[in-house]
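In what follows, a structure is listed as structure tokens, so that the remarks can point back to it.
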Amino acid sequence: MSLKHFGLIQLVPPLLDGVAETDINNINLWINIGLASVDPNLWGLRRYKGVGGIVGKAIARAVKGKGVLFHTEIDMGGIPVEPYNVAAYHEVIYGYKPWEYFEGHPHTPKILELPMKVRNIYDSVIISYTNHDIKRHNTWINLAYDIWLTRDAKDMTCSKGDVELMIWLYRSQDLNPAGEVVETIDMPIILDNKITTTSVDIYLQPTMLLPPGTVGGWTYIALKFVRPVTKGVVALNLTEIMQIVREVLAKHTPDMWSREKFDELYIRSIELGTEVFFGSTINVEWDLNEFYLAVFPVKMDIEKAFKIILDPVQIFKV
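Terminal number for the sequence shown in the working numbering: 322, no gaps in between.
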């Protein structure tokens, strides 16, 4: 089904108040904030469940009409950890991530109803607009979109033939995505309420290899901003990014991906959050002040779409 509705989806500022608090004994807790959910998501700590000595918690606080505040303080109790492993993904979730689902998570509105086949996104211009503030962290982190594309609209796992697309807006020094850089491009964006371009490295890992006994095998691709954005407004053209990914996969992994095969995948979720990497202690604080998804007709010029985003009173909010 093609997109036939146009307008603005307000995910943050939240439409509802809520607090999600997680720790080693309660890894996940989804809280409905209106048109999305938030989850501190300590998924990387799951391997240490039952191990004594780990103390602390992660909190996601949604304040209606204002923003989402993430604050984590965890002490690993002297347990040896690998700093390249992810401890958590403090996130806002739009859509239906293929790993888990919690009762009370809001359905996506008609304007951008997920799951949706990739080929249908080309019928519109989809802009994602965020305003964030990375306040502090003592371990490696990023701020990144995580978009899951799967062959099946309902499978609750990912494997060979599926795609994980990340867009890294911010990252700690020396931290990079998995895989190798296959291309560097200049991409149009809004940065601090100005239309500009930014340099983006594209990383590709054709097959994600995870430890034995765990699920893996999907294709991983990440767009990393060369200049990290610590604070401020960033708006992206998700339709253009999907087209970029389509071409990169067909060019660099032709034995695995054709344009037609990619177009038949389902967009399951659009998530935004911080991957937090392990340290002996984990102290992270950041705010998400705004997160909007805007859908325009495909004939809309991207510069005009960006200008409308900068004056959103022109768009009807869902």
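Note that CB positions come from ideal geometry on N, CA and C, so glycine has one too. Only a predicted model underlies this, so the values are computations on that prediction, with no experimental measurement involved.
Report the rounded CA-to-CA distance for residue i versus residue j, giving the unit in angstroms.
{"i": "Lys68", "j": "Thr26", "result": "21 Å"}
{"i": "Leu15", "j": "Ala239", "result": "14 Å"}
{"i": "Tyr325", "j": "His141", "result": "The chain is shown from 5 up to 322; residue 325 falls before or after that span and cannot be answered."}
{"i": "Leu242", "j": "Leu49", "result": "31 Å"}
{"i": "Gly277", "j": "Phe300", "result": "25 Å"}
{"i": "Gly81", "j": "Val55", "result": "10 Å"}
{"i": "Lys164", "j": "Thr154", "result": "10 Å"}
{"i": "Ile194", "j": "Glu168", "result": "24 Å"}
{"i": "Leu46", "j": "Ile28", "result": "8 Å"}
{"i": "Phe10", "j": "Pro113", "result": "11 Å"}
{"i": "Ile245", "j": "Leu20", "result": "30 Å"}
{"i": "Gly60", "j": "Lys198", "result": "40 Å"}
{"i": "Ala62", "j": "Lys139", "result": "15 Å"}
{"i": "Asp124", "j": "Gln247", "result": "The question names Asp, but residue 124 in the sequence shown is Asn. Rounded to whole angstroms, Asn124 to Gln247 spans 12 Å at the Cα level."}
{"i": "Trp222", "j": "His256", "result": "15 Å"}
{"i": "Val42", "j": "Glu268", "result": "28 Å"}
{"i": "Thr200", "j": "Asn30", "result": "42 Å"}
{"i": "Asp259", "j": "Leu73", "result": "43 Å"}
{"i": "Ile271", "j": "Leu39", "result": "17 Å"}
{"i": "Ile13", "j": "Thr211", "result": "33 Å"}
{"i": "Ile286", "j": "Val85", "result": "12 Å"}
{"i": "Arg231", "j": "Ile145", "result": "15 Å"}
{"i": "Ala298", "j": "Tyr133", "result": "8 Å"}
{"i": "Lys101", "j": "Ala157", "result": "10 Å"}
{"i": "Asp127", "j": "Leu173", "result": "26 Å"}
{"i": "Phe310", "j": "Ile58", "result": "46 Å"}
{"i": "Gly236", "j": "Val122", "result": "29 Å"}
{"i": "Trp152", "j": "Gln209", "result": "15 Å"}
{"i": "Val252", "j": "Met304", "result": "24 Å"}
Does at least one heavy atom of the ligand GTP sit under 7 Å from the Cβ of residue i?
{"i": "Gly236", "result": "Among the ligands in the structure shown, none appear at all, so the ligand GTP cannot be discussed."}
Following the continuous beta strand (DSSP E) through residue i, name the residue where it begins and the one where it ends.
{"i": "Lys70", "result": "First-last for Lys70: undefined, no H or E at that position."}
{"i": "Asp166", "result": "From DSSP, Asp166 is part of no beta strand (DSSP E); its letter is neither H nor E."}
{"i": "Asn241", "result": "Lys235 to Asn241"}
{"i": "Asp21", "result": "Careful: Asp21 lies outside any beta strand (DSSP E) and carries neither H nor E."}
{"i": "Asn135", "result": "Ser128 to His141"}
{"i": "Lys198", "result": "Lys198 to Gln209"}
{"i": "Val55", "result": "Counting along the chain, Val55 falls outside any beta strand (DSSP E), and DSSP gives it neither H nor E."}
{"i": "Gly11", "result": "Gly11 to Val16"}
{"i": "Ile193", "result": "Glu184 to Leu195"}
Going by DSSP in three states, residue i sits in which element: helix, strand or coil?
{"i": "Asn32", "result": "coil"}
{"i": "Ala157", "result": "coil"}
{"i": "Gln177", "result": "coil"}
{"i": "Lys303", "result": "coil"}
{"i": "Leu147", "result": "strand"}
{"i": "His256", "result": "helix"}
{"i": "Asn89", "result": "coil"}
{"i": "Arg231", "result": "coil"}
{"i": "Lys61", "result": "strand"}
{"i": "Leu46", "result": "coil"}
{"i": "Ile97", "result": "strand"}
{"i": "Met5", "result": "With a pLDDT of only 46 at Met5, under the threshold of 50, the placement of this residue in the model should not be trusted, and no figure is reported."}
{"i": "Glu4", "result": "Here the chain comprises residues numbered 5 to 322, so residue 4 is not present and cannot be evaluated."}
{"i": "Glu107", "result": "coil"}
{"i": "Ala226", "result": "strand"}
{"i": "Ile37", "result": "coil"}
{"i": "Ile245", "result": "helix"}
{"i": "Ile312", "result": "helix"}
{"i": "Phe320", "result": "Residue placement at Phe320 cannot be trusted, given a pLDDT of 49 that sits under 50; what the coordinates show is reported in the next sentence. Coil, per DSSP."}
Taking the continuous alpha helix (DSSP H) assigned at residue i, which residues delimit it?
{"i": "Val122", "result": "Val122 to Ile125"}
Segment contact, 8 Å Cβ cut-off, at least three pairs: the stretch 259 to 267 with the stretch 282 to 293: no
Sufficient close CB pairs (3 or more, under 8 Å) joining the stretch 28 to 38 to the stretch 99 to 117: Flag = yes, the stretch 28 to 38 and the stretch 99 to 117 touch.
The stretch 178 to 185 in contact with the stretch 308 to 315 per 3-pair CB rule at 8 Å: no
Segments of 3+ residues assigned as beta strand (DSSP E) that fall wholly inside the stretch 258 to 299: 270 to 281
Inter-stretch contact (C-beta, 8 Å, three-pair minimum) for the stretch 286 to 303 and the stretch 89 to 107: yes
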